[in-house]
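**Q** Chains as they are written, first to last, in this note's numbering: chain C, 4 to 909; chain F, 4 to 909.
All C-beta atoms in this analysis are idealised placements derived from N, C-alpha and C, irrespective of residue type, glycine included.
Can you read through this structure? Questions will come right after.
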């Protein structure tokens, strides 16, 4: 930023830089593609002027000025003053009024306008230019004393609040103007503002000014120019108000963009019943239906619509919901006709659905704003498809019009947007979707109640493999501990089930079968609702709706597939998940985690037997029990993915994840295994690790216990051979996890190939298979040229790669990561959005080095980032072959991959 | 390796490659600088031949042949046979005898010879060429029937053992030849071998052959050529015997070097009293004294000296330790004179102390081997200095002659090499040195017993801050749990105190005040001894000696300083350590860990108070108590390092390291703090982390709790200002730990600079200070260009950088890392020897990127690698400014740094 500004200043030194852009009167200095400089509002006001749409004249002070203002320690370059003066003259000329003139005063609004709309975040001043003298001119000119004095008292109040900073900042603060208003209304014996007489309004102005004097020790500025500079400063200042900074952090808007300031002549919707103001969408923003849709208020200023003080009326029949409602079309047919012509012109001009604001002053329609309208995912899809049919846009543009991340809305149940919610706590958004049900605290209870047809939410401090059945039976899972990679989170995502994890605020008592949040207690059987996308925990039953996938959805996906070059696979561990993903368009499995298969039913027993074994023989015996089960899993998955590649990762987690950590369960395990509790405890103790993330896991297990690798390779290859003989096309890709050094991979590859060749020979068939590795340790990325000598494919495990590259434990980062994002130290949670600067650098290095050694190396990504649009775009850019993500994110990845291609061609 | 061999094979395909090199008869095909190809022994035999020293003629089969042999699946290229035949003819010509001739048989020895000596690891066959016919020729020729038959029976036995693999592999196996020997001795009614008559020897040969037939089903090969090929195969085979592989792993010798085979004509030291054999050093290998030093046996074969069956005699008076001993000089003055001339010639020729083997056959002296003699650190230093004085070598060569790692011997107490040791367990060599004392199990007991003047060893499962006093009082520390970075290890290294950590084999009972290892119990008061350099735990009192530093040591260090360009600093946290390091030549402190100051006495109370505080005010109050204590620490350290830079790292460990984890101590803490145990537990629980290594630590603490950074910055700068005013020159360098993103550093730097400027202003003085960062997270290395925009210096924390780059938890890697090194997956423990390929790559990247941004960026390393010679060499090579290591390793680093310069110029 600093550099840019310096450059700007230098330029300025040479010749006066243009900081102010005019619009109105059928032409403008700017146009719509100058959003970065003029802000969204300013650019569109200019554009509307250019295409002959009636816009009150005005000028825009650039966003660049905002940056310079802060760089100059809240001062302005000299030339600004002259430029503003010139532009004001331009407005005066177009509007036929004069700023500060006692007879024919020009009044202006002063509004912010950033590149991207930040609704409600920044300040606005209306009716600027009024003072004790010009108010009289306005009264005379409008022939309406009350209107003029009402405008004046509004201005003084707004100026006091915004520019002079009297707006209360906390709920307990008192707004001095509200107090005065209440007094005056009481004195006048009226209940509402509109009943106040002219004299009451004059009294208000007087007392408002006195309040300013009292609180701020200054007189209310009568000089319109002084007023203007104050307002400009307030708008620039509001860019760095706390709430604006927070909003930008949350919405990932760079802090150095700055805001523009729009100074525009006022038009009034409150000049009587032939006046009004409204907002509208050129199509329905909820459904996408091609119908003009909006609301208006008669005899009102624009802010009244937004403020919601009066209930607005529908502008036309398609917006109307009851017979009693009067539409703008009915009441003011002429301006409505003009509005219709304008919205059609705008939509055609912008070739997108517009969100517009208008004011009718004494029968004349003025446009105050147009911008691309926000819409739901469903609407986005419908509008995109319709506009292609209307030949307004082409397919490529249509693909770019849909927010990939938004698709999530369509794929999971969601809460009815109209429903009321009482949020009692917030945890980590561990697995998306919405769920509602009765709280239960034990997996068994969840299963039995679900069997009775009840909807339940399983609430646990943490979940463990024993809880799988209950998790499956529940609508959603809520845990007090554990992060985004905790057992609960990972299993829930695999199941496509809603989960809120690590909700530290809830205090669970298993004994009392309840949890407490502050003073609120939730007992077994009480209804709660979970939002797995926001992490919110709500009391009571919040109704959910399940969006349906339309034919348009399929059309958009087809277009996306036409343009994307990046493959999209899925992370799936079961035949069911595989099928779901395939239905969503997955082109293979990019990550099948074999350890999840170890948790179910009898298997965990065999796994524990293996762990407990003191020697090779004992381990082999236990593994022999697992072999047929694993083989069965693979048969199911291979069948579901018939003809598509399936990447299977060998056992990854440290062995202590398979043993119980509570004494009662340890005793159970001891009884089952027929050994002493002491022995169990001793073993579990010996497995303890200080930093399990960096511990004895991944290929390190297979190297120390080659018999595990052997068993898994055999299960995979026996399954593959069996199906191959049945005529099913299978493409196994065996993936070795956590490799940091090529010799580790060589060791494991030797075992896998030996077992595979043995198995194929024995089965007397032919199966093509590949052996490759995860790249998830920085050292693997740095030595990828060596690793590619052995690996036939790479798959970036960006979850672990992020943890190690950034030195961040995902499960522990909750203590500081949210603050980091708030403070702007990190732009986003790197576990959600790939850190392209650091982790991405390693992805690029590894891809390049790997392909130096093996030109046709297949490279994919199987971390959670594989379903996050900006990360998918990155993967496309650095030349990966595919991304792999959870089944429900497959459509998102497909769309994002297409958008990546189209954006790069732009 | 594979590539190399292919190349070798290709060459071979063109023209016959030379695999066999002759020597003897005053000339040779090879020379001393061909060690890689001919092995050490072969190259030196060739060299001796070339300079006219009498060497029995022979030939060397190259190490390359060994590699080809394994590549060809234990087969030989065709041309080898012809080359060997030709070379055998060469020997026959020089020695005037014929291989396999019945009248004048040539006998040969077949020995291994790798690049680097691997004593006792590989196989040797002597007297080869004997059979039922040639033995008669030998008898006739030597005029000594007994000698000939003794040679024959030895040969059969050796051949059976080595080539036919009858040597017992385990202790319980029985050597068939030993059994037969015992029988025959019994039958002959004699007790020792030398008493056996010719007929007995003949009987032995017969029975030995029968045993071979019985065990192996084959006849003993009478054909000398068959014998020769068998022996060659045995030598090559022994290269990949388990013990040889293990030896190479331990000594970091690459497995693809291969061994050469030396076939040399036999000479006999056992042909009567005018014959003998011996080994000698050209100077004293223990002290370095310039005196010829060696032992011999009269009428014996070479192996007898090594085997230690008979006690050898001194070769001269300077070797003699008693009057009774007869020296070679006295008994055979003529050969001794020749030997003297030869050793002088050799030392002059090689310009280094030589370790030689010789045989005198009937008065004629033959040299069998010369090689650079192994020596103690003390000897290495004395010899280097003496040789410079003698003008034999220059200073640079002298500096290169001393093993930097060996210096450790001189700097810590060590066990008397002559003492007997009963090793009962082995742990991690956590802090070097030797310690002996009575076992105690509680820190309090250690303190009180030490106060009584007793020497104690503190034995704990783990240590914690409460144990500091006891650790200080103890001679050494032994823990059952925890790794090289455990509390015990880190604190002990800081104290320069011997520590063996993570000794899992010992089972400690605090209740019974004892530990058990298998069946051995060690009770309180029992003597034990610890070797902190090997990790050995010994029963009883093993006497230690404290080596003295000689003037020569100073001379060598002076030379080292003259040539090195890399700075050497120290890691020190106390004035005492700082002083020790300064005395050892440290040029500043590269890492002063402030958290160690937090553990002592009252401080830990204040730290815990801070942790327990629920709000900023509470934390500030507690920190205010710590401020004067920290300031005091810094004053002490600054004073000790007067004029030298002191790099102080801000608080690094996660807060849970400061709270007790056992309930009794938690109760104590609760009582002290006046809060409930419940509250303490809750707090400790909330601090728990799954992967503390990647958790809330380093600058992440200072960002969330800026008041900690403020306090520390203030303590540092107040100390600096105070001393500056007293005229003490201080150079504080404030180091922010665990930075991964430049904005983190910016955040902390802002705080530090603000506090520093305030403090300096208040003190009305001037202090120059720097603010920099540790580079210990891969992302920091990858974004070093950005980080250098803020950091004034970098210091690589290679401990953490290794953990994250390799995804290896140092404390947990014990489960697989030793196996990795054994299996050759890793060349060395990357926590001891810097992983140059992976971690080193990041060090290079970061240094380069950092200096792109800031040309004069000061870059150092403060991980434990800073004191490891090969890592120091790496740091020099990639252009770091300094290394920093523990005080006792400073001289090692100085020497290694000088050697790095000298090696790079070679």
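Determine the contact status of residue 763 of chain F and residue 724 of chain F, defining contact as a CB-CB distance below 9 Å.
**A** Translated into positions along the second chain, residue 763 of chain F becomes position 760. Translated into positions along the second chain, residue 724 of chain F becomes position 721. In contact: residue 763 of chain F and residue 724 of chain F (Cβ atoms closer than 9 Å).
**Q** Which two residues bound the contiguous alpha helix (DSSP H) that contains residue 265 of chain C?
**A** Numbered from its first residue, the first chain carries residue 265 of chain C at position 262. Where residue 265 of chain C is concerned, there is no enclosing alpha helix (DSSP H), although the beta strand (DSSP E) it sits in stretches over 262–268.
**Q** Helix, strand or coil for residue 709 of chain C? Go by DSSP, reduced to three states.
**A** On the first chain, residue 709 of chain C is found 706 positions in, with the first residue counted as 1. Residue 709 of chain C: helix per DSSP, three-state reduction.
**Q** Is there a C-beta anywhere in chain C that falls below 9 Å from the one on residue 613 of chain F?
**A** Here residue 613 of chain F refers to the residue found at position 610 of the second chain. Answer no: the Cβ-Cβ gap between residue 613 of chain F and chain C never drops below 9 Å.
**Q** Which of the three DSSP states is assigned to residue 379 of chain C in this structure?
**A** The residue you call residue 379 of chain C lines up with position 376 of the first chain. Residue 379 of chain C falls in the coil class under three-state DSSP.
**Q** Going along the chain, which residues of the region 774–804 of chain C sit with their C-beta nearer than 7 Å to a C-beta in chain F?
**A** 780, 781, 782, 785 and 786
**Q** Kindly identify the DSSP beta-bridge partner or partners of residue 298 of chain C.
**A** As a position in the first chain, residue 298 of chain C is number 295, starting the count at 1. Answer is C:282 and C:317, bridged to residue 298 of chain C.
**Q** Out of F:540, F:282 and F:745, point me to the one whose CA is closest to residue 1 of chain F's CA.
**A** Only positions 4 to 909 of chain F appear in this structure, which leaves residue 1 of chain F out of reach.
**Q** Helix, strand or coil for residue 539 of chain C? Go by DSSP, reduced to three states.
**A** Start at 1 with the first residue of the first chain, and residue 539 of chain C comes out as number 536. If DSSP states are grouped into helix, strand and coil, residue 539 of chain C belongs with the strands.
**Q** Going straight from the alpha carbon of residue 571 of chain C to that of residue 893 of chain C, what length do you get?
**A** The count along the first chain starts at 1 and reaches residue 571 of chain C at position 568. The count along the first chain starts at 1 and reaches residue 893 of chain C at position 890. Near 7 Å, if we compare the C-alpha coordinates of residue 893 of chain C and residue 571 of chain C.
**Q** Does residue 823 of chain F come within less than 9 Å of chain C when only Cβ atoms are used?
**A** Taking the first residue of the second chain as 1, we reach residue 823 of chain F at position 820. Interface residue, yes.
**Q** Below 8 Å, is the gap between the Cβ of residue 280 of chain F and the nearest heavy atom of the ligand MG?
**A** This structure does not include the ligand MG; it has no bound ligands of any sort.
**Q** Helix or strand or just coil, what does DSSP make of residue 678 of chain C?
**A** As a first step, residue 678 of chain C is located in the first chain; it is residue number 675 there, counting from the start. Coil, per DSSP.
**Q** List the endpoints of the continuous alpha helix (DSSP H) containing residue 856 of chain F.
**A** Along the second chain, one-based indexing puts residue 856 of chain F at 853. 842–856 is the span of the alpha helix (DSSP H), which, as asked, contains residue 856 of chain F.
**Q** Do residue 585 of chain F and residue 647 of chain F count as a contact pair if the criterion is CB distance below 9 Å?
**A** What you label residue 647 of chain F is simply residue 644 of the second chain in a count that begins at 1. What you label residue 585 of chain F is simply residue 582 of the second chain in a count that begins at 1. Contact: yes.
**Q** Just list the beta strand (DSSP E) runs in the region 688–736 of chain C, keeping only unbroken ones of 3 residues or longer that don't cross its boundaries, in chain order.
**A** You should have found no qualifying run.
**Q** Tell me whether residue 191 of chain C sits in a helix, a strand or coil according to DSSP, three-state version.
**A** Counting from one through the first chain, the residue named residue 191 of chain C turns up at place 188. Helix at residue 191 of chain C.
**Q** If we define contact as Cβ-Cβ less than 9 Å, is residue 272 of chain F a contact residue for chain C?
**A** The residue you call residue 272 of chain F lines up with position 269 of the second chain. No, its Cβ sits nowhere closer than 9 Å to a Cβ of chain C.
**Q** Would a check of beta-carbon distances place residue 809 of chain C closer than 9 Å to chain F?
**A** In the first chain, residue 809 of chain C corresponds to position 806, counting from 1. By this cut-off, residue 809 of chain C is an interface position.
**Q** Given a threshold of 16 other Cβ atoms within 10 Å of its Cβ, counted over all protein chains shown, does residue 9 of chain C qualify as buried or as exposed?
**A** Indexing the first chain from 1 puts residue 9 of chain C at position 6. Any reading at residue 9 of chain C must be qualified, since the residue scores a pLDDT of 49, below 50, and its modelled position is unreliable; the value itself is stated next. Within 10 angstroms of the beta-carbon of residue 9 of chain C lie fewer than 16 other beta-carbons, which makes it exposed.
**Q** Is residue 60 of chain C near residue 28 of chain C, with beta carbons less than 9 Å apart?
**A** Reading the first chain from its first residue, position 57 is the one you call residue 60 of chain C. Reading the first chain from its first residue, position 25 is the one you call residue 28 of chain C. Contact flag set, yes.
**Q** Could you work out which residues of chain F lie near residue 844 of chain C, taking near to mean beta carbons separated by less than 7 Å?
**A** Along the first chain, one-based indexing puts residue 844 of chain C at 841. Ordered by position in chain F, the residues that pass the 7 Å Cβ test against residue 844 of chain C are 785.
**Q** Going by DSSP in three states, residue 101 of chain C sits in which element: helix, strand or coil?
**A** Within the first chain, the letter at position 98 stands for residue 101 of chain C. The answer is strand: DSSP assigns residue 101 of chain C an E or B state.
**Q** Which of the residues in the region 427–438 of chain F, read from start to end, lie with their CB under 7 Å from any CB of chain C?
**A** none
**Q** Can you check whether the CB of residue 728 of chain F is closer than 9 Å to the CB of residue 766 of chain F?
**A** Reading the second chain from its first residue, position 763 is the one you call residue 766 of chain F. Reading the second chain from its first residue, position 725 is the one you call residue 728 of chain F. It is a contact, given that the beta carbons lie within the stated cut-off.
**Q** Enumerated in chain order, which unbroken segments of the alpha helix (DSSP H) with a length of 4 residues or greater are wholly contained in the region 780–824 of chain C?
**A** 781–785, 787–790 and 801–809
**Q** DSSP three-state call for residue 584 of chain C: helix, strand or coil?
**A** Here residue 584 of chain C corresponds to residue number 581 of the first chain, with the count starting at 1. Helix.
**Q** How is residue 141 of chain F classed by DSSP in three states: helix, strand or coil?
**A** Mapped onto the second chain, residue 141 of chain F falls at position 138. Correct three-state label for residue 141 of chain F: helix.
**Q** Could you tell me the alpha carbon to alpha carbon distance between residue 408 of chain F and residue 810 of chain F, rounded to whole angstroms?
**A** As a position in the second chain, residue 408 of chain F is number 405, starting the count at 1. As a position in the second chain, residue 810 of chain F is number 807, starting the count at 1. Distance between the alpha carbons of residue 408 of chain F and residue 810 of chain F is about 28 Å.
**Q** In the region 733–760 of chain F, which residues sit with their C-beta less than 7 Å from some C-beta in chain C, listed in chain order?
**A** 741, 743, 744, 746, 747 and 750
**Q** Taking one C-beta from the region 832–848 of chain C and one from the region 801–818 of chain C each time, how about it: are there three or more such pairs within less than 8 Å?
**A** The region 832–848 of chain C is in contact with the region 801–818 of chain C.
**Q** Are the C-beta of residue 694 of chain C and some C-beta of chain F separated by less than 9 Å?
**A** Taking the first residue of the first chain as position 1, residue 694 of chain C is located at position 691. Taking Cβ atoms only, chain F reaches closer than 9 Å to residue 694 of chain C, which makes this a yes.
**Q** Would you list, in sequence order, the uninterrupted alpha helix (DSSP H) runs of no fewer than 4 residues that lie entirely inside the region 30–59 of chain C?
**A** For secondary structure counted as the alpha helix (DSSP H) over 4 or more consecutive residues, the region 30–59 of chain C holds these complete runs in sequence order: 38–53.
**Q** At the level of alpha carbons, what is the spacing between residue 1 of chain C and residue 192 of chain C?
**A** Because chain C spans 4 through 909 in this model, residue 1 of chain C falls outside it and cannot be assessed.
**Q** Any beta carbon from chain F within less than 9 Å of residue 812 of chain C's own beta carbon?
**A** If you number the first chain from 1, residue 812 of chain C lands on position 809. Yes, residue 812 of chain C lies at the interface with chain F (some Cβ there is under 9 Å from its Cβ).
**Q** Using a Cβ-Cβ distance cut-off of 9 Å, determine whether residue 903 of chain F contacts chain C.
**A** As a position in the second chain, residue 903 of chain F is number 900, starting the count at 1. It does not: the Cβ of residue 903 of chain F has no partner Cβ on chain C nearer than 9 Å.
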